[in-house]
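Remarks on the structure that follows.
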Amino acid sequence: MKILDISLGNLKRRKLRSFLLLLSIIIGVSSSVFLFTTTRSMEQDVADKIDQFGSNLLILPKAGETLSFGGVTVGTSFGKELDISMIPLMKTIKNNETLATISPKLLAEATIQDKKVLLVGVQFADELRLKKWWKIDGLEAGQLPVANEILIGSEVARILKLSPQQLVQIKGQEFRVGGIIQPTGSIENDQAIFMDLTILQKAENKPTAINLIEAAVLCYTCPIEDVTIQLSEKLPEAKVTALQSTLESRDDTVQQFSLFATIISVILLITSGFVVAMSMISAVKERTRDIGVLRAIGFRKKHILCMFLYEVSLVSVLGGLIGFGLGMGLAMNFGSSLAQMTVQVPFQPILVLYSILAALGISLIASIYPAWKATKLDPVEALRYF
Amino acid sequence: MTLNHIALQNLRRRPGKTLFLVLTFAFIVATISSLTILALGMKEDLQKSLTEYGANVVISPRTEQLNLSYGGLSVSSVEYEVKKLDSKTVDVIYRQMGEEVTIAPKVIGSIQSPEKLYMVMGVDFDQELKIKPWWKIDGKVPKDNEIVVGSQLAMNSNLQVGDIVDFGKAKYPIVGIMAETGGSEDQGVFTTIDTARSLTGITTEWSLIELNTLDTAQTAAQLSPLLPEANVTEVTQIVQGSKESVERFTSFSWTISLAMGLIGALVIIVTLAGNVNDRARELGVLRAIGFRQKHILTLFGREALIVSLAGSLLGYIVGLFVPLIIGPLLGYNSFIFSTHLGLGSALVVASLLVGMVAMIYPVWRTLKLDLQDVLKYI
Numbered sequence: 452m453k454i455l456d457i458s459l460g461n462l463k464r465r466k467l468r469s470f471l472l473l474l475s476i477i478i479g480v481s482s483s484v485f486l487f488t489t490t491r492s493m494e495q496d497v498a499d500k501i502d503q504f505g506s507n508l509l510i511l512p513k514a515g516e517t518l519s520f521g522g523v524t525v526g527t528s529f530g531k532e533l534d535i536s537m538i539p540l541m542k543t544i545k546n547n548e549t550l551a552t553i554s555p556k557l558l559a560e561a562t563i564q565d566k567k568v569l570l571v572g573v574q575f576a577d578e579l580r581l582k583k584w585w586k587i588d589g590l591e592a593g594q595l596p597v598a599n600e601i602l603i604g605s606e607v608a609r610i611l612k613l614s615p616q617q618l619v620q621i622k623g624q625e626f627r628v629g630g631i632i633q634p635t636g637s638i639e640n641d642q643a644i645f646m647d648l649t650i651l652q653k654a655e656n657k658p659t660a661i662n663l664i665e666a667a668v669l670c671y672t673c674p675i676e677d678v679t680i681q682l683s684e685k686l687p688e689a690k691v692t693a694l695q696s697t698l699e700s701r702d703d704t705v706q707q708f709s710l711f712a713t714i715i716s717v718i719l720l721i722t723s724g725f726v727v728a729m730s731m732i733s734a735v736k737e738r739t740r741d742i743g744v745l746r747a748i749g750f751r752k753k754h755i756l757c758m759f760l761y762e763v764s765l766v767s768v769l770g771g772l773i774g775f776g777l778g779m780g781l782a783m784n785f786g787s788s789l790a791q792m793t794v795q796v797p798f799q800p801i802l803v804l805y806s807i808l809a810a811l812g813i814s815l816i817a818s819i820y821p822a823w824k825a826t827k828l829d830p831v832e833a834l835r836y837f
Numbered sequence: 349m350t351l352n353h354i355a356l357q358n359l360r361r362r363p364g365k366t367l368f369l370v371l372t373f374a375f376i377v378a379t380i381s382s383l384t385i386l387a388l389g390m391k392e393d394l395q396k397s398l399t400e401y402g403a404n405v406v407i408s409p410r411t412e413q414l415n416l417s418y419g420g421l422s423v424s425s426v427e428y429e430v431k432k433l434d435s436k437t438v439d440v441i442y443r444q445m446g447e448e449v450t451i452a453p454k455v456i457g458s459i460q461s462p463e464k465l466y467m468v469m470g471v472d473f474d475q476e477l478k479i480k481p482w483w484k485i486d487g488k489v490p491k492d493n494e495i496v497v498g499s500q501l502a503m504n505s506n507l508q509v510g511d512i513v514d515f516g517k518a519k520y521p522i523v524g525i526m527a528e529t530g531g532s533e534d535q536g537v538f539t540t541i542d543t544a545r546s547l548t549g550i551t552t553e554w555s556l557i558e559l560n561t562l563d564t565a566q567t568a569a570q571l572s573p574l575l576p577e578a579n580v581t582e583v584t585q586i587v588q589g590s591k592e593s594v595e596r597f598t599s600f601s602w603t604i605s606l607a608m609g610l611i612g613a614l615v616i617i618v619t620l621a622g623n624v625n626d627r628a629r630e631l632g633v634l635r636a637i638g639f640r641q642k643h644i645l646t647l648f649g650r651e652a653l654i655v656s657l658a659g660s661l662l663g664y665i666v667g668l669f670v671p672l673i674i675g676p677l678l679g680y681n682s683f684i685f686s687t688h689l690g691l692g693s694a695l696v697v698a699s700l701l702v703g704m705v706a707m708i709y710p711v712w713r714t715l716k717l718d719l720q721d722v723l724k725y726i
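Written as structure tokens, this is what we have:
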């Protein structure tokens with residue numbers, strides 16, 4: 452009978468004990484794997500959601516500058532126009548997966564009730580996705596205005612005395628006020644009329660023209676500077692700038708999430724290590740009596756340690772493997788719905804190596820020492836252990 | 349000798365195992381409570397830093413003329429009179445709001461130099477830089493009769509620190525260049541309010557006032573009736589954005605704490621099941637000398653009660669101090685000792701419940717075995 456046979460026999464004889472030991476390793480490993488992978492994905496999810504809250508990239512014509520700040524305009528000059536064909540071109544950059552929302556705009560001037568107003572032609576679906584903070588009177592959440600409807604800023608509504616569903620003549624066409632945007636604190640948006648881009652292009656007789664592009668770029672995987680450079684190369688006619696004001700607060704927030712996720716990973720690693728170590732120690736201590744018997748019938752210390760080594764390695768490798776499978780499987784299938792995120796948890800095969808190594812390392816350290824101490828006891832003492 | 353005695357003696361007879369059980373409880377409770385406290389602190393920190401960021405209330409003149417520019421582009425070259433805020437506006441705000449809000453008034457105007465039209469912005473740099481951390485000035489913050497130029501303007505006109513700009517009326521040295529912000533500031537010339545007033549000829553009025561306040565809705569509601577000539581509006585992008593971020597962080601930390609709680613309960617169940625399993629023989633002996641099922645269940649229940657109460661209380665106390673040590677290491681100095689009684693009692697009650705169930709169920713299962721089999725158990 453070889454030592455390995457004794458180890459296997461031992462595990463088989465105390466089925467429940469071995470099972471509980473295996474279970475505690477599985478719980479330790481799978482919870483670490485699950486939380487580690489899920490929190491990383493949650494972090495990315497949060498970063499993506501913040502990036503899609505408003506635009507963080509602005510594309511303007513190179514020539515032409517207007518001197519205005521916060522809606523206070525002090526001087527103007529016409530810029531060249533951009534072309535709608537730039538949008539498919541933008542999607543050809545290397546990191547095109549980072550372009551979450553692209554909202555092109557055409558600006559035009561019109562006169563309503565003898566007042567000059569700013570018309571902004573937008574693609575409503577993109578624009579409303581970008582400006583998630585807009586509360587629109589007269590429009591249900593998630594509802595889009597139809598082609599001949601316009602959205603008007605709160606100041607426009609006040610000055611022109613317009614209300615939802617009212618009909619307005621703009622450039623010889625009749626439009627219905629689809630909704631009034633509640634005050635946003637941005638003078639540009641509060642004092643503008645938003646309408647469908649293609650209709651405005653037709654009315655202005657500039658079928659492909661746009662003036663500026665606002666975009667939301669996901670910068671979790673690729674820094675926005677890289678995206679800016681890539682876009683500038685594709686669009687030599689335009690000036691591509693990242694909006695620092697939105698980026699700074701984003702970085703703060705994402706950093707906070709990231710720090711929290713790291714703390715959790717560390718805490719969990721310590722906790723799992725502790726749990727595995729504790730179960731190992733108690734499992735070995737219980738067997739002081741066994742060790743006494745083995746010593747009494749002539750086994751060497753070396754043999755006994757070897758026996759434990761086999762047993763512990765077997766249980767911890769198996770536990771590490773099952774734990775990884777369980778944790779990863781749970782994270783991939785339920786992680787994103789549990790945390791209400793849109794990002795899927797990716798499969799990370801490298802973690803299987805870490806799981807097994809960590810389980811094996813901790814178990815060996817935690818079991819060999821008490822086993823070694825038990826072998827050093829006088830067999831008579833060990834046999835009295837209850 | 350009552351059952352209570354037996355339970356206590358049992359625990360005392362095997363101090364190692366008892367300590368192990370108590371420590372398991374303590375460790376898990378300490379982990380969950382310190383994590384929750386840390387998360388609360390981090391949430392507050394996030395809320396504070398997001399609230400202090402950017403102008404969240406804007407006061408602009410109420411005009412009957414509509415603005416005709418968007419994203420720094422203008423559709424009309426028509427020169428129209430720009431309305432301004434009354435010179436008393438800033439005083440009114442100070443009197444109403446006091447020190448708790450950051451008030452950043454601005455004078456924005458233009459000056460035609462021999463070659464070029466400049467946009468001049470006079471700001472109070474102390475206040476302005478507090479709410480706009482993304483304004484990074486490469487060089488010095490200007491004093492009176494000194495200017496800072498936006499990055500785009502500096503690049504287009506080839507301006508550098510040390511150059512003197514001729515505005516016709518006066519000549520001022522450039523003491524700094526503002527790093528690119530991506531906004532329309534990049535075209536501007538920045539200086540102190542007094543210098544801007546003398547350059548632009550706006551003698552007493554204000555173009556725009558930006559505020560940073562803790563409670564935007566309240567501030568807007570208080571100021572609106574006092575300033576009938578102005579529009580007081582919350583900047584919904586910033587207000588909503590920071591609210592959503594904070595909410596997301598809260599739900600993130602709740603999900604994690606909940607997951608930690610579940611894992612902790614599992615660990616306790618496994619540990620206690622192992623403990624009872626080791627004592628199957630002891631159970632058999634108790635049965636053999638005539639204890640009833642009820643007695644044995646009560647006995648083990650008492651043990652579980654003592655262990656989980658001691659463990660969770662210890663864990664709760666440790667958990668209160670851990671954030672005080674870890675917090676500063678992570679760069680948060682705002683952790684103040686607080687007892688978090690609600691959290692503590694929830695954790696203690698939860699561990700008592702988990703402990704009792706985890707102990708009594710395996711005992712009950714063992715009791716249903718045949719006595720002969722149990723006593724054969726080594």
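Sequence order for the protein chains is A and B.
Using my numbering, the final residue of the first sequence is 837, and nothing's skipped along the way.
Using my numbering, the final residue of the second sequence is 726, and nothing's skipped along the way.
Note that beta-carbon positions come from the ideal geometry of N, C-alpha and C, so glycine has one too.
Sequence-distant residues of the same chain with beta carbon closer than 6 Å to residue i, five excluded per side
{"i": "E476 (chain B)", "result": "A452"}
{"i": "I726 (chain B)", "result": "Summary for I726 (chain B): the model assigns pLDDT 49, below 50, so the residue's position carries little reliability; its value from the coordinates is reported in the next sentence. Excluding sequence neighbours, I726 (chain B) sits near nothing in its chain."}
Closer than 7 Å to chain B by CB, residue i
{"i": "Q707 (chain A)", "result": "yes"}
{"i": "I610 (chain A)", "result": "yes"}
{"i": "S482 (chain A)", "result": "yes"}
{"i": "P634 (chain A)", "result": "yes"}
{"i": "E578 (chain A)", "result": "no"}
{"i": "T704 (chain A)", "result": "yes"}
{"i": "E737 (chain A)", "result": "yes"}
{"i": "T692 (chain A)", "result": "yes"}
{"i": "M493 (chain A)", "result": "yes"}
7 Å Cβ cut-off: residues of chain A touching residue i
{"i": "G470 (chain B)", "result": "The premise fails here: G470 (chain B) is roughly 11 Å from chain A at the closest Cβ pair, so nothing lies under 7 Å."}
{"i": "W482 (chain B)", "result": "Q695, S696 and E699"}
{"i": "A387 (chain B)", "result": "F711"}
Closer than 7 Å to chain A by CB, residue i
{"i": "A621 (chain B)", "result": "yes"}
{"i": "D626 (chain B)", "result": "yes"}
{"i": "L367 (chain B)", "result": "no"}
{"i": "G667 (chain B)", "result": "no"}
{"i": "G589 (chain B)", "result": "yes"}
{"i": "R629 (chain B)", "result": "no"}
{"i": "L645 (chain B)", "result": "no"}
{"i": "E447 (chain B)", "result": "no"}
{"i": "T581 (chain B)", "result": "yes"}
Inter-residue CB distance, residue i and residue j (contact presumed, cutoff 8 Å)
{"i": "V438 (chain A)", "j": "A822 (chain A)", "result": "Only positions 452 to 837 of chain A appear in this structure, which leaves residue 438 (chain A) out of reach."}
{"i": "L414 (chain B)", "j": "V573 (chain A)", "result": "About 17 Å; that fails the 8 Å criterion."}
{"i": "G786 (chain A)", "j": "S492 (chain A)", "result": "7 Å"}
{"i": "E558 (chain B)", "j": "A403 (chain B)", "result": "3 Å"}
{"i": "W584 (chain A)", "j": "G530 (chain B)", "result": "Not quite, the Cβ-Cβ distance comes to about 19 Å (not below 8 Å), so this is no contact."}
{"i": "V455 (chain B)", "j": "A544 (chain B)", "result": "5 Å"}
Amino acids of chain B, ordered along the chain, whose beta-carbon sits closer than 7 Å to that of residue i
{"i": "S806 (chain A)", "result": "The premise fails here: S806 (chain A) is roughly 15 Å from chain B at the closest Cβ pair, so nothing lies under 7 Å."}
Residues near residue i in its chain [Cβ-Cβ closer than 8 Å; skip 5 each side]
{"i": "R627 (chain A)", "result": "N599, E600, I601, Q616, Q617, L618 and V619"}
Chain-ordered chain B contacts of residue i [CB-CB under 9 Å]
{"i": "A689 (chain A)", "result": "Chain B residues near A689 (chain A): none, gap ~12 Å exceeds 9 Å."}
{"i": "T722 (chain A)", "result": "F375, I376, T379, M608, I611, G612 and V615"}
{"i": "S469 (chain A)", "result": "Correct list: empty, because the minimum Cβ distance to chain B is about 11 Å."}
{"i": "V497 (chain A)", "result": "S593, R596, F597 and F600"}
Close beta carbons around residue i, own chain, < 7 Å, minus the five adjacent residues each side
{"i": "N461 (chain A)", "result": "E762"}
{"i": "D577 (chain A)", "result": "T552, I553 and S554"}
Chain-ordered chain B contacts of residue i [CB-CB under 8 Å]
{"i": "R505 (chain A)", "result": "Before going further, note that residue 505 (chain A) is Gly rather than Arg in the sequence given. Chain B residues near G505 (chain A): Q585 and G589."}
{"i": "F725 (chain A)", "result": "F375"}
{"i": "M731 (chain A)", "result": "Within 8 Å Cβ-Cβ: nothing; M731 (chain A) doesn't reach chain B, min ~11 Å."}
Closer than 9 Å at the beta carbon, the chain A residues around residue i
{"i": "M704 (chain B)", "result": "Chain A residues near M704 (chain B): none, gap ~19 Å exceeds 9 Å."}
Q: Please confirm if the region 800–818 of chain A is in contact with the region 497–515 of chain A, defined as three or more CB-CB distances below 8 Å between the two stretches.
A: no
Q: Scan the region 781–813 of chain A for residues whose Cβ lies nearer than 8 Å to a Cβ of chain D and list them as they occur along the chain.
A: Chain labels in this structure do not include chain D; the protein chains are A and B.
Q. Do the region 457–465 of chain B and the region 475–491 of chain B make contact, defined as three or more Cβ pairs closer than 8 Å?
A. no
Q) Okay, do the region 665–685 of chain B and the region 380–392 of chain B touch, 3+ Cβ pairs below 8 Å being the bar? A) yes
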